[in-house]
Amino acid sequence: MIDPQILRDNPQAVRKSQEARGASVSLVDDAVAADSARRSAIGEFESLRAEQNAFGKTVAAAPKEEKPALVAQAQELSARVKAAQQVAADAEVEFTTIVGSIANPIIDGVPAGGEEDFTLLREVGEKATFDFEPRDHVEIGELLKAIDITRGTKVSGSRFYFLSGIGARLEIALMNMALDKALAEGFIPLITPTLVRPEIMAGTGFLGEHADEIYYLPADDLYLTGTSEVALAGFHSDEILDLEKGSLRYAGWSTCYRREAGSAGKDNRGILRVHQFNKLEMFSYVLPEDAEAEHERLVAYQESMLQACGLSYRVIDVAAGDLGSSAARKFDIEAWVPTQGAYRELTSTSNCTTYQARRLDIRYRTESGKTTPVATLNGTLATTRWLVAILETHQQADGSVRVPEALRPYLGGLSVLEPVR
RNA sequence: GGAGACGUCGCAUAGUUCGGCCUAGUGCACCACCCUGCUAAGGUGGAGAGGGGUUUACACUCCUCCGUGGGUUCAAAUCCCACCGUCUCCGCCA
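Residue numbers (our numbering): 25 to 445.
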């Protein structure tokens with residue numbers, strides 16, 4: 025939900041943002057109209073209601089013999105109040121619907137356009153080269169008996185897998201390394217629910233454009249989350265936070281579930297795109313004026329993790345049309361995947377400014393004591409998908425895989441993953 | 001899954017019998033000032049959330065909110081219905 029105030033003060037800024045996203049510009053004018061319609065309807069209703077309240081006291085205080093006549097008048101008044109209330113309620117719904125469908129105004133500097141129009145911010149690390157024919161992660165996973173896709177498919181269908189042996193250990197090691205990183209930076213660890221109520225799912229903005237990506241359990245009216253961001257954002261919903269002692273930062277670990285409905289045929293091989301994976305997610309609640317600095321901080325943490333894993337990557341400023349409706353800016357980090365000869369997304373971090381918080385009703389107190397929405401940001405610190413880049417980047421001719429130094433302590437000191445015969 | 005009890009403005013509670021002086025009282029905690037005088041007590045005042053109007057702002061004013069959503073009524077914290085949640089007991093249990 026955008027700030028209704030900027031609709032009144034600066035609708036042009038919202039129009040520009042909608043245009044950069046390739047979204048509807050006329051929606052902004054509809055919203056402005058709906059806002060003024062709503063406000064005049066509210067005024068109408070409230071003055072009638074005030075009249076009714078005052079009249080009610082007269083009725084209550086009147087002597088018995090005068091009551092019937094007064095009640096008759098009150099009935100007439102009541103009918104008018106009811107009608108005005110209905111008009112106001114309808115106007116409110118209309119306003120909320122229109123305003124709710126306007127995306128978060130992008131931050132200056134975000135490139136306009138779609139998926140291909142991102143801005144490349146930097147490329148870091150050397151792309152791995154091999155003096156042998158490199159194997160892809162599926163093949164390596166089989167040699168190491170680390171990834172069992174055949175059995176995953178047998179048990180649960182396509183896009184499912186087992187991590188086994190060293191594969192399972194590697195994922196836990198990665199998650200632990202990420203958790204230690206988060207702890208060192210002052211994040212509070214949380215293990216979050218992965219089933220959430222509809223209002224939380226809607227509040228985080230996932231029921232909009234991502235609706236068909238989400239698993240839903242009709243018998244219980246619950247949604248399976250595709251990221252712990254949902255629970256982390258819902259964690260403080262309907263609360264007034266104390267940010268005087270600093271930002272609130274959480275590191276949420278959870279399994280994530282995605283239907284991948286729109287991606288049939290895409291990334292079919294391996295574990296690059298799956299229905300279920302694990303993720304450690306950072307989530308920050310900060311003062312609105314600190315949001316952009318926090319965003320830079322989250323990217324820095326992500327980069328330090330990728331560097332610790334010895335990966336080559338690039339950081340991109342995602343184009344407006346490729347942002348979710350809640351994000352005002354998003355940085356993706358894509359790691360180089362040798363056998364694909366391409367960069368693939370390993371992390372994503374979004375600055376949702378006050379958009380998400382306004383919808384979830386998460387506020388703080390300003391110096392004057394007024395409440396106003398906080399800013400929220402989220403970003404990946406590690407996911408199962410990283411195994412793809414790690415295995416492929418550090419593979420050796422004999423099928424073994426060198427373990428990045430930073431990861432070794434989490435694997436009992438193991439420095440090389442050897443094929444299992 | 002079954003039965004019962006309950007849900008009030010930070011916390012604790014009054015109010016629900018029998019709808020209308022509830023514009024929701026009180027205590028604790030909180031803030032300002034006063035008095036006292038020394039890690040305290042007392043006094044006075046202030047202080048919830050959301051939204052309109054009017055304001056540069058302060059202030060003022062109106063409406064809404066008693067778990068949520070409906071309903072009955074001229075009028076609902078109070079009556080009715082549904083839902084959500086908490087607690088107690090029973091049942092079941094990876």
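For glycine and all other residues, C-beta sits at the position ideal for the given N, C-alpha and C.
Per DSSP, A406 lies in no alpha helix (DSSP H) segment; the continuous beta strand (DSSP E) that holds it begins and ends at A399 to T407.
I264 and R273 have their alpha carbons spaced roughly 16 Å apart.
For N292, the secondary structure class from DSSP, reduced to helix, strand or coil, is coil.
Between the stretch 384-398 and the stretch 115-133 there are fewer than three C-beta pairs closer than 8 Å, too few to call the two in contact. By the criterion of at least three beta-carbon pairs nearer than 8 Å, the stretch 298-307 is in contact with the stretch 404-417. Between V56 and L94 the beta-carbon gap is near 43 Å, outside 8 Å, which marks them as no contact. Look at the beta carbons and you see the stretch 221-231 not touching the stretch 432-442: under three pairs across the two are nearer than 8 Å.
The Cβ-Cβ distance between Y325 and E209 falls below 8 Å. As computed with DSSP, N302 is found in a beta bridge with T279. When secondary structure is reduced to three states using DSSP, Y367 falls in the strand class.
Approximately 10 Å separates the beta-carbon atoms of L415 and V427; this is outside 8 Å, ruling out the contact. DSSP, read as helix, strand or coil, puts E358 in strand. By the Cβ-count criterion, G181 is exposed, with fewer than 16 other Cβ atoms from all chains shown falling within 10 Å of its own Cβ.
Spanning the alpha carbons of A197 and P433 requires a straight line of approximately 8 Å. Pairing L370 with A359, the inter-Cα distance amounts to about 6 Å. Sorting L311, N128, V148 and G276 by C-alpha distance to the C-alpha of D27 places N128 at the top.
Here the alpha carbon of I173 sits roughly 11 Å from the alpha carbon of H161. DSSP, read as helix, strand or coil, puts D141 in helix. One alpha carbon belongs to F69, the other to A351, and they sit about 36 Å apart. Note that the C-beta distance between T218 and S278 is below 8 Å. When C-beta atoms of the stretch 282-296 are compared with those of the stretch 315-323, fewer than three pairs fall below 8 Å, so the two segments do not count as touching. Between R297 and V49, the alpha-carbon positions lie close to 34 Å from each other. The Cβ atoms of D53 and A343 lie no closer than 8 Å to each other.
Going by beta carbons, Y309 and I357 fall outside the 8 Å limit. In the DSSP annotation of this structure, the continuous segment of the alpha helix (DSSP H) that includes P35 starts and ends at P35 to R45.
A direct Cα-Cα distance of roughly 12 Å separates Q419 from G334.
According to the DSSP assignment, I212 belongs to the beta strand (DSSP E) that extends over I212 to I215.
Between D346 and E139, the gap from beta carbon to beta carbon is short of 8 Å.
Note on geometry: alpha-carbon atoms of L207 and G229 lie some 28 Å from one another. With respect to I295, Y379 sits apart: the two C-beta atoms are not nearer than 8 Å.
Y379 carries a helical assignment under DSSP once its states are collapsed to helix, strand and coil. Of the residues L167, Y239 and A275, the one whose Cα lies closest to the Cα of P213 is A275.
Comparing alpha carbon positions, the residue from F301, D291 and Y239 closest to T363 is D291. Between the alpha carbons of S392 and L267 lies a gap of roughly 14 Å.
Bridge partners of L441 according to DSSP: V425. Where I414 is concerned, there is no enclosing beta strand (DSSP E), although the alpha helix (DSSP H) around it starts and stops at W410 to T417.
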